[in-house]
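>
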Amino acid sequence: MADVQFVPKILVFSSERISDPAIDLAGLLKKHYPPSVYNITVPCTSSIKPRWILHALKRGIDGVFIASDGTDCAYRSDCSDITSVTIKSAQEAMKIEGINVARIKMAAICSVCADPFVSHMKAFMNSLTEMGSIQNELRTE
Amino acid sequence: MNGTKEDIRKHRVGVYICHCGGNISDYVNVEAVKNVINDHPGVSLVKTTMFTCSDASQISMVEDIKEKNLDAIVVASCSPKLHLMTFRDVARRAGLNPYNYIQVNIREQSSWAHSDKPAEATRKAIKLVIAGIEKARRFRDLKSIEMETVNTSVVVGAGISGMRASIELADMGTQVYLIERDHFIGGHVAQLGKVFQGNSTGNEIVGKLFREIKKRSNITLFTGTQIAGMKGNVGNFEIVINVEPRYVKGDVSEKEFMDSINVCPVSLPDEFNFGLTERKALYKHNQNSLPGRPAVDMSVCNRCGKCADICIGSIDLDQKPEKISVNAGAILVNTGYDAYEPMKSEFGYGEIKEVITLQQLERLIELNPDDLVWKNRKIRNIAFIYCVGSRQPSGERTYCSRYCCTAAIHASLKLCDKYSDIKTFHLHKGIRTYGKQEVLYDEASRKGNIFLQFEEGKNPVVQMSNEKLEVRLNDILTENMEIVINSDLVVLVTGMVARNNDSLKQVLKIPQGSDKFFNEIHPKLRPVETVMDGIFIGGACQSPRNITETMTSSLAAAAKASSLISKGTITLEPNLAIIDKEKCTWCGKCEEICTFGAVVKALSEGKTIAGIVNAACKGCGACLPSCHEDAIELLGYTNSEIESMIDAISEEVVFKEQNVADEQKSGIKKQDAEWDLKVEKLDDNSKKILKALETEPKSIPEIAAEISLPSKEVTYLLMSLRKYGYVSDTNFINEDEYYTYALNHSVVHQELLYAKND
Numbered sequence: 037m038a039d040v041q042f043v044p045k046i047l048v049f050s051s052e053r054i055s056d057p058a059i060d061l062a063g064l065l066k067k068h069y070p071p072s073v074y075n076i077t078v079p080c081t082s083s084i085k086p087r088w089i090l091h092a093l094k095r096g097i098d099g100v101f102i103a104s105d106g107t108d109c110a111y112r113s114d115c116s117d118i119t120s121v122t123i124k125s126a127q128e129a130m131k132i133e134g135i136n137v138a139r140i141k142m143a144a145i146c147s148v149c150a151d152p153f154v155s156h157m158k159a160f161m162n163s164l165t166e167m168g169s170i171q172n173e174l175r176t177e
Numbered sequence: 003m004n005g006t007k008e009d010i011r012k013h014r015v016g017v018y019i020c021h022c023g024g025n026i027s028d029y030v031n032v033e034a035v036k037n038v039i040n041d042h043p044g045v046s047l048v049k050t051t052m053f054t055c056s057d058a059s060q061i062s063m064v065e066d067i068k069e070k071n072l073d074a075i076v077v078a079s080c081s082p083k084l085h086l087m088t089f090r091d092v093a094r095r096a097g098l099n100p101y102n103y104i105q106v107n108i109r110e111q112s113s114w115a116h117s118d119k120p121a122e123a124t125r126k127a128i129k130l131v132i133a134g135i136e137k138a139r140r141f142r143d144l145k146s147i148e149m150e151t152v153n154t155s156v157v158v159g160a161g162i163s164g165m166r167a168s169i170e171l172a173d174m175g176t177q178v179y180l181i182e183r184d185h186f187i188g189g190h191v192a193q194l195g196k197v198f199q200g201n202s203t204g205n206e207i208v209g210k211l212f213r214e215i216k217k218r219s220n221i222t223l224f225t226g227t228q229i230a231g232m233k234g235n236v237g238n239f240e241i242v243i244n245v246e247p248r249y250v251k252g253d254v255s256e257k258e259f260m261d262s263i264n265v266c267p268v269s270l271p272d273e274f275n276f277g278l279t280e281r282k283a284l285y286k287h288n289q290n291s292l293p294g295r296p297a298v299d300m301s302v303c304n305r306c307g308k309c310a311d312i313c314i315g316s317i318d319l320d321q322k323p324e325k326i327s328v329n330a331g332a333i334l335v336n337t338g339y340d341a342y343e344p345m346k347s348e349f350g351y352g353e354i355k356e357v358i359t360l361q362q363l364e365r366l367i368e369l370n371p372d373d374l375v376w377k378n379r380k381i382r383n384i385a386f387i388y389c390v391g392s393r394q395p396s397g398e399r400t401y402c403s404r405y406c407c408t409a410a411i412h413a414s415l416k417l418c419d420k421y422s423d424i425k426t427f428h429l430h431k432g433i434r435t436y437g438k439q440e441v442l443y444d445e446a447s448r449k450g451n452i453f454l455q456f457e458e459g460k461n462p463v464v465q466m467s468n469e470k471l472e473v474r475l476n477d478i479l480t481e482n483m484e485i486v487i488n489s490d491l492v493v494l495v496t497g498m499v500a501r502n503n504d505s506l507k508q509v510l511k512i513p514q515g516s517d518k519f520f521n522e523i524h525p526k527l528r529p530v531e532t533v534m535d536g537i538f539i540g541g542a543c544q545s546p547r548n549i550t551e552t553m554t555s556s557l558a559a560a561a562k563a564s565s566l567i568s569k570g571t572i573t574l575e576p577n578l579a580i581i582d583k584e585k586c587t588w589c590g591k592c593e594e595i596c597t598f599g600a601v602v603k604a605l606s607e608g609k610t611i612a613g614i615v616n617a618a619c620k621g622c623g624a625c626l627p628s629c630h631e632d633a634i635e636l637l638g639y640t641n642s643e644i645e646s647m648i649d650a651i652s653e654e655v656v657f658k659e660q661n662v663a664d665e666q667k668s669g670i671k672k673q674d675a676e677w678d679l680k681v682e683k684l685d686d687n688s689k690k691i692l693k694a695l696e697t698e699p700k701s702i703p704e705i706a707a708e709i710s711l712p713s714k715e716v717t718y719l720l721m722s723l724r725k726y727g728y729v730s731d732t733n734f735i736n737e738d739e740y741y742t743y744a745l746n747h748s749v750v751h752q753e754l755l756y757a758k759n760d
């Protein structure tokens with residue numbers, strides 16, 4: 037039986053007011069990105085918990101992308117700093133679990149950043165494809 | 003699985019999957035989505051609807067909620083930014099808590115984003131809907147939060163749109179700060195003479211609006227100002243405004259002004275007159291400019307002080323820029339448009355001095371009271387070339403600028419009325435004087451204006467021949483006869499382009515479309531709102547439009563802003579932080595991180611824990627990851643809700659992929675039979691054309707070559723086939739710059755696709 041081609045799954049955490057509109061805009065403009073990219077919206081990316089990231093990876097999501105508000109956040113301009121701390125914390129836990137820390141990525145996506153979002157998705161998809169399925173890392177646990 | 007079953011609170015979820023006409027169902031197999039989730043735990047009802055937002059669907063949803071006693075609803079349709087409130091109202095009308103509803107975006111984030119991969123778009127839609135259902139099953143019955151609003155609006159741009167909106171807002175009781183980048187108000191309309199309809203000039207319209215503004219004490223006009231920064235949120239934005247000095251602090255009489263500009267040593271092309279005249283560093287756009295006080299252009303002023311010596315006490319070259327902060331509940335953006343500047347050599351522009359734009363002609367008419375003179379030569383014959391920079395086959399400016407056909411014909415009639423012996427020729431791609439403006443076209447035709455039509459891709463040629471300006475075109479109204487016009491002046495009828503507003507875009511973050519104009523949330527349902535809550539758009543910053551349409555949209559934006567902020571409070575999402583008293587050990591980190599003072603030290607049954615001040619909590623959730631005990635949750639985004647969504651996304655969907663393909667193939671067979679019947683009615687040559695298009699879209703010459711028919715006959719037959727829906731334009735032009743056409747029947751494409759999938 038031929039090998040089934042590996043297609044990574046990406047979970048995107050976006051913020052309701054800033055990066056989610058950019059993802060909508062990408063769709064509106066028919067800018068295609070891989071369909072195995074799934075989005076969960078939160079009010080602000082500073083609210084993301086490390087356990088959610090870990091949960092996703094352990095459930096077989098190959099990569100987590102945080103579409104951060106940057107300094108545009110409607111709530112606070114330092115939200116990216118808080119999110120960075122969350123990512124570091126998640127990466128520490130990932131190391132313990134034997135998961136490649138490059139499986140989490142963050143970039144600032146403003147409300148009109150449709151093109152950057154699509155570029156990030158394609159690039160992240162390529163690097164995850166090179167890393168291979170997360171199942172391989174979870175199995176070595 | 004952490005999205006635990008113990009957290010399940012809802013047991014009768016209703017799910018509605020929208021076709022959105024074909025916006026969703028053209029790519030996502032909505033029946034397959036329905037089939038998969040029909041048996042999902044907790045789901046009591048699944049329906050597909052053509053338009054879930056339609057009145058009929060909403061009524062049906064209300065009945066379903068009541069009859070089936072649904073305790074939560076999921077609508078899989080467009081972005082929640084469009085219809086969140088619509089379906090919350092549906093829930094409310096049915097007696098259901100409006101927060102027991104979730105909208106799953108399978109249009110922008112599935113069907114449109116993955117229109118290139120329909121099967122994958124369907125798979126993704128299924129997972130997103132299941133994730134929505136899982137979240138809905140864990141809903142708590144939340145209540146909304148009320149927040150105070152500032153009944154103040156900042157209106158950006160004091161053209162006619164911004165002024166009209168400001169007057170309306172002021173009359174509705176709102177304090178208005180009207181800010182204008184230029185030192186004079188009125189925008190492009192101030193540059194116009196008489197405008198259609200009526201006999202008012204642009205300056206008169208601007209003057210009327212300015213006088214109305216001066217009557218209202220609750221409007222503050224700032225000129226020479228720009229927004230430099232914005233913080234805060236809908237209902238209470240903190241806006242920083244940069245004020246550039248005018249350098250003129252007192253009244254200046256007309257004599258003092260004239261004497262000053264006579265001694266001013268600086269001269270530069272006057273942008274108000276599109277470079278047709280020159281101005282000085284001390285300037286007004288014209289004698290009717292408002293406010294009437296002149297300004298000093300410090301970017302060119304050499305500070306010689308000669309004007310200050312004449313206008314004693316009124317000119318202060320040492321004025322400094324200022325920053326002002328204001329709080330406003332809403333922001334209205336009315337920044338208008340820029341006129342398209344033709345590229346060098348486009349129809350001879352920039353190379354042949356007798357080639358000007360429509361905007362320049364308007365100023366020329368205003369500046370020439372007796373004879374129309376250009377470069378010291380009296381003008382008798384004028385050729386207008388339409389759609390310059392608009393209706394382009396590809397790129398950013400495929401749109402029609404709407405106002406320019408009317409404006410060009412109106413200018414032509416003004417020429418005929420004002421000067422004797424003027425003859426005008428109009429070279430167009432199809433005149434679009436829609437609505438009441440058609441009377442102008444009729445009048446121009448009756449007055450002897452000559453209209454000639456050229457085809458797209460066969461533009462008129464403007465050239466000098468024996469030192470005379472000539473325009474050549476093939477007129478399709480006279481069977482492509484080549485016509486040569488000896489003209490004294492060529493006027494390029496240039497349309498509107500989006501204004502260069504980069505700094506404003508950066509501060510306000512309003513999305514723009516591929517044409518660079520600002521984007522509304524929805525062109526029909528929410529035409530003046532942006533995705534940025536509390537920021538509205540009006541006038542030509544949104545899309546090309548005429549004065550009437552500009553006024554209408556600015557009034558709509560004013561009404562929307564007023565309805566948002568004038569009540570004194572707005573309703574916010576009930577997404578408050580909550581503390582798990584058992585887990586909390588009070589380390590104080592959450593208090594530290596909350597900049598709103600919403601987390602405080604509290605005592606609960608003798609234990610020190612964190613407490614949440616509901617009135618201060620903004621629902622951002624920044625405190626969540628700070629808690630090492632995981633004792634804080636955000637309502638609407640609890641661990642259980644988020645992790646259940648992750649579970650739904652990560653799990654492979656148990657759906658019969660083959661069924662989807664089979665259903666679609668069955669649909670194809672049905673379409674195939676209908677198509678065959680349709681084709682059978684056609685003549686042989688039409689059938690040959692359709693056959694030629696089966697493999698890929700082709701241009702008329704390509705089809706003609708393939709089926710050995712003259713291009714003219716192919717054109718005739720193809721236009722009939724297009725009219726009756728057999729083929730359509732692809733909007734692409736091939737390498738030879740011809741339009742290509744494609745079959746409207748997608749059998750070939752779909753069969754290839756499914757053969758690949760199989």
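Going down the list, the sequences are from chains A and Y. Under my numbering, the first sequence has 84 at position 48, and the numbering climbs by one with no breaks. Under my numbering, the second sequence has 591 at position 589, and the numbering climbs by one with no breaks. Where a beta carbon is used, it is the ideal one built from N, C-alpha and C, also for glycine.
1. Here's the rule: buried if 16 or more other CB atoms are within 10 angstroms of the residue's CB, otherwise exposed. What is residue 201 of chain Y?
2. Can you give me the Cβ contacts of residue 129 of chain Y inside the same chain, cut-off strictly under 7 Å, excluding the 5 residues immediately before and after it?
3. Determine whether the beta carbon atoms of residue 103 of chain A and residue 163 of chain A lie at a separation below 9 Å.
4. Under 6 Å Cβ to Cβ from residue 536 of chain Y, same chain only, skipping five residues before and after it: list those, please.
5. Answer with yes or no whether the minimum CB distance from residue 72 of chain A to chain Y is below 9 Å.
6. Can you tell me whether DSSP reads residue 287 of chain Y as helix, strand or coil?
7. For chain A, find out if any of its Cβ atoms is closer than 9 Å to the Cβ of residue 580 of chain Y; answer yes or no.
8. Rounded to the nearest angstrom, what separates residue 482 of chain Y and residue 29 of chain Y at their Cα positions?
9. Against chain A, does residue 466 of chain Y count as a neighbour if the rule is that its beta carbon must be under 9 Å from one of theirs?
10. Can at least three beta-carbon pairs, one atom from the stretch 133-145 of chain Y and one from the stretch 633-646 of chain Y, be found at a separation below 8 Å?
11. Please report the distance separating the alpha-carbon of residue 739 of chain Y from that of residue 128 of chain A.
12. Say whether chain Y places a C-beta atom closer than 9 Å to the C-beta of residue 139 of chain A.
13. Which chain A residues are close to residue 513 of chain Y, counting only those with a beta carbon under 7 Å from its beta carbon?
14. Where DSSP assigns a beta bridge to residue 429 of chain Y, which residues make up the other side?
15. Could you tell me which chain A residues have their CB closer than 7 Å to the CB of residue 116 of chain Y, listed as they occur along the chain?
16. For residue 597 of chain Y and chain A, any beta-carbon pair shorter than 9 Å?
17. Grouping DSSP H, G and I as helix and E and B as strand, with all else coil, what is residue 52 of chain Y?
18. What do you get for residue 701 of chain Y, buried or exposed, if any count of 16 or more other CB atoms within 10 angstroms of its CB means buried?
19. Could you work out which residue in Y:344, Y:101 and Y:396 is closest to residue 576 of chain Y when comparing CA atoms only?
20. At the level of alpha carbons, what is the spacing between residue 579 of chain Y and residue 552 of chain Y?
21. How many Å lie between residue 736 of chain Y and residue 742 of chain Y at the Cα?
22. What residues from the stretch 81-104 of chain A come within 8 Å of chain Y, judged by C-beta to C-beta, listed N to C?
23. So with Cβ pairs under 9 Å, would you call residue 458 of chain Y a contact of chain A?
24. Work out the CA separation of residue 93 of chain A and residue 116 of chain Y for me, nearest whole Å.
25. In the DSSP assignment, find the unbroken alpha helix (DSSP H) run with residue 300 of chain Y in it and report its ends.
26. Along the chain, where does the beta strand (DSSP E) that runs through residue 486 of chain Y open and close?
27. Span of the beta strand (DSSP E) holding residue 147 of chain Y?
28. By Cβ distance below 6 Å, which residues in the same chain neighbour residue 395 of chain Y in space, the five residues on each side in sequence not counted?
29. Please classify residue 378 of chain Y as buried or exposed, where buried requires at least 16 other C-beta atoms within 10 Å of its C-beta.
30. Three or more beta-carbon pairs under 8 Å between the stretch 319-331 of chain Y and the stretch 145-159 of chain Y, yes or no?
31. Which chain A residues sit within Cβ distance under 8 Å of residue 1 of chain Y?
32. Residue 186 of chain Y: beta carbon under 8 Å from a heavy atom of the ligand HEM?
33. For residue 171 of chain A, does the count of other Cβ atoms within 10 angstroms reach 16, so buried, or fall short, so exposed?
34. Alpha carbon to alpha carbon, what distance is there between residue 184 of chain Y and residue 283 of chain Y?
35. Scan the stretch 588-666 of chain Y and note each continuous beta strand (DSSP E) run of 3 residues or more that stays entirely inside, going in chain order.
36. Of the residues Y:254, Y:133 and Y:534, which one's Cα is nearest the Cα of residue 76 of chain A?
Well, looking at it:
1. exposed
2. 650, 651 and 655
3. no
4. 236 and 332
5. yes
6. coil
7. no
8. 43 Å
9. no
10. yes
11. 57 Å
12. no
13. 57, 61, 147 and 148
14. Y:387 and Y:454
15. 68 and 71
16. yes
17. coil
18. buried
19. Y:101
20. 44 Å
21. 7 Å
22. 82, 83, 84, 85, 86, 87, 88, 91, 92, 95, 96 and 97
23. no
24. 24 Å
25. Taken as a continuous stretch (DSSP letters only), residue 300 of chain Y belongs to no alpha helix (DSSP H), as it is neither H nor E.
26. 483-488
27. 147-150
28. 735
29. exposed
30. yes
31. For residue 1 of chain Y there is no data in the structure shown, the boundaries of chain Y being 3 and 760.
32. Only the bare structure without any ligand can be found here, which leaves the ligand HEM out of the picture.
33. exposed
34. 14 Å
35. 601-606, 609-614 and 634-636
36. Y:133
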